[in-house]
Every structure is written in structure tokens, then in C-alpha cells.
Amino acid sequence: MGKSFFNIILFLFVLPSISNSQSKLFISRDLLVAYDNGTRSFDGNPGENYWQNSADYKIKVDVEPKTRLVKGSEEIVYYNNSPDTLYEIVFNIIQDLNKAETERNVKISKEAITNGVEIEKLFVNNKEADLGNSDIVERKNTLMTIILYEPLPPGSQMNFKIDWNFVIPAGKNPRMGTYDSTSFFIGYWFPQVAVYDDIDGWDKLAHNGEQEFYNDFSNYEVEISVPNTFGVWATGILQNPAEILTPEYLERYNKAHSSDSIINIVTSDEVNSGEIYKDDSKLNTWKYKANNVTDFTFAMSDHYLWDAVSLAVDDNSNRRTYIAAVYNEESEDFYEVADIARKAIHYFSNTLPAVPFPFPSLTIFNGSGGMEFPMMINDGSTPTRSRAVDVTSHETAHQYFPFYVGINEEKYSFMEEGMAEFLPFDFQEEEGKYDPKFRMIRAYERFAGQEMEMPMMIPNFHLKDWTRAYSIYFRPALAYDYLCSALGKDLFLECLQEYIKRWQGKHPIPFDFFFTFNEVSGKDLSWYWKPWFFEQGYPDLSIKNASYKNSKLEIEIEKIGSIPTPVELMITCEDSSVININKTAEVWENGDKNLIIEKETDKKPVSIILGSSSIPDSDRRNNYFFFSETD
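Below, the structure is given as C-alpha cells:
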């Protein structure tokens with residue numbers, strides 16, 4: 120025992136120096152334990168001992184639109200693939216966010232206050248739990264913790280059966296809720312086992328309404344019973360369309376799965392015809408199935424239009440993805456959404472990240488705000504086509520991050536929100552006819568380096584409001600963009616694709632991303648990771664000096680701020696011609712604060728402008744140089 124204790128102490132002192140010599144990045148002590156345990160590796164691959172838990176869900180749910188009552192029963196088989204014996208099981212009960220007494224970071228309207236989730240019955244391995252005994256079943260905020268009668272050993276499984284109900288919150292919540300009297304998007308709706316992972320053990324962060332989510336990859340079979348005038352759209356693949364749709368609409372639905380052109384499954388002339396769905400009984404049960412996904416959501420309406428199309432996303436297999444837009448006929452922008460989504464998926468599959476779209480279907484539902492779910496998107500209406508392109512492509516990009524690559528959104532949202540901002544930049548500019556970076560850059564350069572700005576590596580559940588927004592959206596998106604130019608697009612793509620390949624269906628942390636890029640590129644990118652991701656700072660370049668003698672132009676650039684950015688120079692000459700010089704952020708990799716740029720030219724320079732609208736600079740006043748007539 121003494122020797123073992125000595126080895127542990129030695130590890131705690133030695134490992135930080137080992138890891139830091141490899142990465143030059145600070146790694147917190149709790150994360151270092153994962154490397155010692157072999158679940159993570161310093162080359163960015165999953166460690167040889169990597170594991171993650173999972174579950175199989177079978178859920179039956181009835182929805183009563185008039186009362187907004189959701190009543191469900193679920194059976195769960197939970198698999199403990201960890202090396203640990205589990206003495207408790209933690210559930211997320213996200214609908215409890217709407218209870219009056221729940222602690223939250225966001226305001227919700229009085230009409231959205233509910234009683235949360237009523238757990239009617241709970242069975243653990245076929246033994247009924249005493250819901251009234253807080254020593255066995257504890258409810259606090261959005262968490263439910265069950266103390267197990269019998270511990271769950273490694274490599275074993277446990278069964279749960281839960282009957283429950285809740286009322287869909289009234290009002291237009293941007294993530295889920297009631298969008299008119301008969302249109303609903305229903306997310307975070309069933310008791311779901313929380314993540315137990317190699318980093319934190321049980322995820323016991325209660326949902327506060329601001330940060331997003333973190334779930335295991337699991338399998339779902341879900342039966343949703345609704346009045347026979349309603350359509351239901353959900354995560355996964357509809358298993359029984361012939362039992363639901365009348366022949367004409369079934370034909371259109373099936374045709375859309377192989378069509379490269381938009382099929383209007385339900386049009387404005389037909390939506391109230393009463394002929395779309397079979398009416399053999401008062402209720403229709405829609406059966407959906409989805410495997411290896413991190414969540415399951417559904418939407419329903421009795422008067423929404425339905426467009427659909429498909430696309431071959433993988434040239435090798437000819438695998439197709441089915442794409443649908445479901446919307447209120449008054450939402451003018453949504454008439455193009457299915458086509459926009461199809462173009463976005465083609466772009467993601469072939470250009471950036473140039474990885475075939477990972478899921479068999481995607482439905483964009485016309486609700487409110489903009490919120491992503493596996494194979495489902497909840498988007499509000501927008502006033503312009505460019506805005507529709509923006510929100511549709513951003514939420515579609517999320518299918519890669521965090522749903523294909525399973526990011527912990529509670530802690531590391533910059534790994535998925537920043538990616539979802541960055542990936543469609545070029546697509547948005549081409550398809551939406553606007554510059555998606557312009558306002559982002561202007562906003563970031565104003566906020567950067569201020570007291571309220573926090574580094575991205577601070578877990579985002581600590582952050583609120585604009586501090587959170589800049590940390591998870593703007594700053595990381597720009598960081599990925601300038602890294603792409605610094606490495607060159609081909610090498611950047613190689614790194615990104617390898618990262619996706621390694622971590623698809625798994626849960627990476629930021630260091631898995633950093634180390635994969637280091638390993639694949641063959642470069643130590645710590646010079647870039649540290650200022651952009653770990654440190655407070657701001658971008659500020661200036662023209663320190665310039666001279667022109669004997670047909671040689673020499674310009675000295677000073678990096679005043681700590682954030683490495685590209686260098687762009689526009690030199691106007693005496694004859695009104697212009698010389699452009701562009702350098703990537705890689706010019707700062709050696710840690711230099713000054714950069715000398717030389718240019719041979721017979722044309723006498725008159726002025727120099729440093730920077731452009733595509734590069735943030737927190738103080739542009741020092742970005743100009745004017746030559747005197749004697750120069």
C-alpha cells in the first residue's frame with residue numbers, strides 16, 4: 120500500500136511536466152487523471168481504455184393538444200460500460216425547469232410556469248421505488264437521483280420503467296413549446312439518464328435554461344399517439360408511414376426519399392382537407408426509430424405545410440438523406456427552407472468539413488428561435504432570405520457538432536457553437552449574399568480584452584449573457600477560420616476530418632481536438648491554442664514604421680495585442696496603383712512581437728492601410744501610415 124501511495128504522489132508531480140512538455144498547455148488535474156487512466160491520449164486519439172455508457176429507450180407517449188398534456192411510459196435498459204460500480208443513477212428531468220421553485224438563469228413568462236414532471240411510477244429492475252422516500256429518490260431542480268438497492272457493477276445493465284406526465288409550457292420558448300393552439304415542438308420531454316463519463320463521473324449539473332446539454336449516445340424506439348388530424352415529425356425514421364398516411368400522401372412521402380427536387384407533400388390547398396392522415400380511429404400512433412443518437416425530440420401540428428426532398432450525401436455508397444421542412448403557411452421564408460437545407464447539406468458533405476452528412480434524415484420545424492436536436496431543428500420565421508440561410512445552415516451544421524461528435528455542451532460549447540458558426544461561412548456568403556463575418560468581427564473586436572470577456576476554456580456553465588455568447592460563438596468561430604488559413608485549407612481539412620473520424624459517436628474534450636490537430640499537422644500549435652483559447656487578450660496590430668529607399672519598401676508591424684491574427688496590407692502608390700500583401704497568422708508562431716515585411720517595387724508608396732473588415736483589430740487608429748514627400 121505504501122508503494123502504491125508513493126507511485127500516486129510521483130504521478131501527480133511528474134505527469135504535469137510530461138503533458139506540458141508535449142502540449143505547452145495547462146491541463147487541469149482532474150483531466151490529467153483521464154490520461155493516466157488511459158481513457159485519453161496525448162496524440163488526440165481515444166485512449167486504449169476509453170469507454171462510455173449507453174441506454175436503450177422504448178417510449179410510448181400520448182399528447183392531448185387541447186390540454187397540452189403529455190403522458191408517457193418508458194422502459195430503459197442502461198449499460199454500465201465503465202470500470203466503476205455505480206451506487207446511484209442520475210436522471211435529467213429537464214421539464215422541471217418550468218417549475219416555479221426551480222433555480223434558473225433565464226426569465227420565463229408566467230404562462231410558461233408548470234408543475235414540472237409528475238413521476239407516477241418508477242421501477243428499478245422490476246422493483247417499485249418509493250417515490251416519497253427522499254433517501255431513495257431525490258428531486259432537485261432538474262435532476263432526479265436514485266439510490267440503488269443493489270449497486271450496478273462494471274459490464275452489467277439495469278432496467279428502469281417510468282410512468283410520467285407533464286404539461287407543455289405555453290408560449291413561444293425558443294427551444295421547445297407551444298407555437299399556436301395546435302402546433303408544438305416537444306423537446307427535453309422524457310426522464311433521461313444523465314451522462315456518467317471518464318472525466319466527471321455523473322454529470323450533476325442541473326439545467327439552468329441558459330447552457331445547453333450533454334447526453335449519451337443511445338437507441339430509441341418511440342410511439343407517439345395524437346389525434347388523427349395531426350402530423351408528427353421526429354428524430355429518426357418513421358417506421359409505419361403506410362399506417363398513417365393516405366395513399367396519395369404516402370406516394371409523395373415515398374417519392375421524396377429518392378427525389379432531387381422538392382416534393383410538396385402537404386400544400387396550402389390541402390392542409391385542411393381532412394384527407395392527409397388515416398382516420399380509422401381517433402388516434403394515430405406514429406412510430407419512430409433512431410439508433411446511436413444523443414436525444415430524441417418530436418413536433419406536431421394539424422395545419423402545417425410539409426415539403427421534402429433528398430440528397431445523395433456519400434458518393435461511395437450513394438446513401439441518401441431525407442430532408443423536410445414543416446411550416447406555417449404564413450411563414451414566407453420557409454417555402455425555401457427545404458431547398459436551403461439541401462444545399463447546406465451538400466456543402467457540408469463535399470466542401471467543409473467534406474464528411475458525408477451523418478444522419479438519414481433532417482426535419483426543420485417552424486417553431487421559434489433556432490435550436491438544434493439530432494435530426495430535428497426548431498427554427499422561427501425570419502424576415503429575409505439571407506437570415507433564413509444563416510439560421511438554417513447554422514443549425515444544420517450542428518448535426519456534425521455536437522450530435523455526430525458528441526460534445527459536452529454544458530462545458531465546452533465553443534467546440535460546437537463555434538464550429539456551427541465557422542463551417543457555413545462560405546456557404547452563407549454565396550447562398551445568402553451577405554458577409555457572415557462582418558458584424559461578428561466588429562462585435563468581437565469591441566468586446567475582446569475587456570474585463571467581462573472570458574477565455575473559451577472556462578467551462579461555459581460559469582458564464583452568462585454576452586460573456587457566454589462571445590466565448591462560445593464569435594471568438595471560437597474566428598479562431599477556427601484563421602487557423603484554417605494558417606494551416607492551409609487542405610491540411611486543416613485533413614486535421615478536422617481525422618478529428619471527426621476519431622471522435623464520431625464519442626465524447627471529446629478540447630484537448631482531444633488540440634492534440635489531434637497537433638499530431639496530424641505535425642506542428643506544435645500551442646502558439647495558437649494558448650492565446651485564442653486559454654488566455655484573456657485582444658487583437659491589435661499596428662504599423663510601427665515604414666520606409667522606402669532604393670526601390671525597397673520595408674514595413675514594421677507590431678503585435679500590441681496577444682491574439683495572433685492574419686496581416687493584410689494595402690499599399691497605395693503614387694501612380695494610384697495598389698499593392699496587396701497578405702500573411703496568415705502563422706507569422707506569429709515564434710512568439711515575435713514585431714514583423715518586418717519587405718517588398719521590392721519601383722512604384723513609390725504614398726500610404727499603407729493595415730487590416731481589413733475580415734480581420735478583428737481592437738484599435739484601428741494605429742493601422743495607417745502616410746509617407747512624407749521626402750521619403
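In terms of our numbering, the sequence shown opens at residue 120 and continues consecutively. The C-beta atom is built at its ideal place from N, Cα and C for all residues, glycine as well.
Own chain, CB closer than 8 Å to residue i, minus 5 neighbours either side, in chain order
i, result
"T365", "E394, I395, Y396 and K397"
"G296", "A231, I287, P288, A289, G290, F303, F304, G486 and S487"
DSSP state of residue i mapped onto helix, strand, coil
i, result
"N411", "strand"
"S140", "Note that S140 scores 39 on pLDDT, short of 50, meaning its location in the model is unreliable; the coordinates nonetheless yield the value given after this. S140: helix per DSSP, three-state reduction."
"Q214", "helix"
"I363", "helix"
"F145", "coil"
"D282", "strand"
"S512", "helix"
"R565", "helix"
"D600", "helix"
"Q171", "coil"
"L471", "coil"
"E342", "strand"
"Q623", "strand"
"M571", "coil"
"I128", "Bear in mind that a pLDDT of 47 at I128, under 50, signals an unreliable position, so the number given afterwards is only what the model happens to contain. Reduced to three states, the DSSP call for I128 is helix."
"K95", "Limits of the chain in this structure are 120 at one end and 750 at the other, which puts residue 95 out of reach."
"M295", "coil"
"V225", "coil"
"P270", "strand"
C-alpha distance - residue i paired with residue j, whole-angstrom precision
i, j, result
"A219", "I232", "6 Å"
"Y368", "I526", "38 Å"
"E654", "S590", "11 Å"
"S771", "T703", "This structure does not reach residue 771, given that the chain is present from 120 up to 750, and the question cannot be answered."
"S387", "V432", "30 Å"
"I318", "E451", "46 Å"
"N751", "L424", "Since the displayed the chain opens at 120 and closes at 750, residue 751 lies outside it and no answer follows."
"Y563", "P543", "19 Å"
"G551", "G163", "36 Å"
"M573", "E237", "39 Å"
"F632", "L144", "13 Å"
"V180", "E342", "6 Å"
"F744", "A463", "42 Å"
"L688", "F533", "30 Å"
"K177", "V312", "13 Å"
"D149", "I213", "27 Å"
"I727", "N709", "25 Å"
"S670", "E717", "11 Å"
"P270", "T204", "6 Å"
"F522", "F492", "8 Å"
"V697", "Y667", "15 Å"
"H513", "W321", "30 Å"
"I381", "D458", "7 Å"
Same chain, Cβ closer than 6 Å to residue i, neighbours up to 5 away in sequence not counted
i, result
"H376", "S429 and Y441"
"E329", "N224 and V225"
"N359", "K406"
Nearest residue (CA-CA) to residue i, options the options
i, options, result
"E193", "S201, S747 and A174", "A174"
"K401", "T348, A665 and A427", "T348"
"V474", "R438, G486, A289 and L262", "R438"
"P502", "E449, T720 and G350", "E449"
"P273", "N200, W648 and P724", "N200"
"P627", "V725, E535, F210 and I208", "E535"
"V706", "T586, F652 and Y647", "Y647"
"E540", "D738, A665, Y592 and E239", "Y592"
"L481", "S747, T261 and H517", "H517"
"S421", "V351, A409, I577 and N373", "Checking the displayed sequence, the identity of residue 421 turns out to be Asp instead of Ser. If we check each option's Cα against that of D421, V351 comes out closest."
"Y599", "P578, N410 and L644", "L644"
Neighbourhood of residue i by C-beta distance below 7 Å, restricted to the same chain and skipping five residues each side
i, result
"V639", "E613, C614 and E617"
"Y601", "T684, P685 and A704"
"D554", "E548"
"D694", "K722"
"T756", "What is shown of the chain runs 120 to 750, which leaves residue 756 out entirely."
Proximity of residue i and residue j at Cβ, strictly below 8 Å
i, j, result
"P184", "S487", "no"
"T354", "Y307", "no"
"F520", "M538", "yes"
"D414", "N172", "no"
"F652", "M575", "yes"
"Y339", "V314", "no"
"Y466", "V456", "no"
"K678", "L660", "yes"
Proximity test, Cβ basis, 8 Å: residue i and chain B
i, result
"D452", "Given the protein chain composition of this structure (a single chain), no chain B is represented."
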